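Asks: Chains as they are written, first to last, in this note's numbering: chain V, 1 to 87; chain C, 88 to 111.
1. Could you tell me the boundaries of the alpha helix (DSSP H) in which residue 38 of chain V lies?
2. Could you spell out where the alpha helix (DSSP H) holding residue 55 of chain V opens and where it closes?
3. Would you give the residue range spanned by the beta strand (DSSP E) that residue 11 of chain V belongs to?
4. If we define contact as Cβ-Cβ less than 9 Å, is residue 33 of chain V a contact residue for chain C?
5. Could you check where the beta strand (DSSP E) with residue 104 of chain C kicks off and where it finishes?
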């Protein structure tokens, strides 16, 4: 899984905002707001990856157990999949 | 024996808020 191209992430006044550009602006008419962990996850999803890889990386960076990490990553990814932001 | 320090960041659940513009 990977986030589609044509989304840009900018941090403005401590807010992490994602904006679609180009053709994606037609497919998704809106913006995304991320918290700090969401921003970290978004950055990991810029390249093709898997749930196992993301979980492993997250456990190395954050104080979190495997089950919680897996569940939270899945919830995050599924939300993006609903809007066809992840391919 | 020295206890190994945990340098990992405090965890908060990753959140994404989707703000869609209305056909506004």
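Note that the Cβ used here is the ideal one computed from N, Cα and C, for glycine as well. In this text, all values refer to a predicted model and were calculated from it rather than measured experimentally.
Replies: With the structure as the only source:
1. 36 to 44
2. 51 to 61
3. 7 to 12
4. yes
5. 103 to 107
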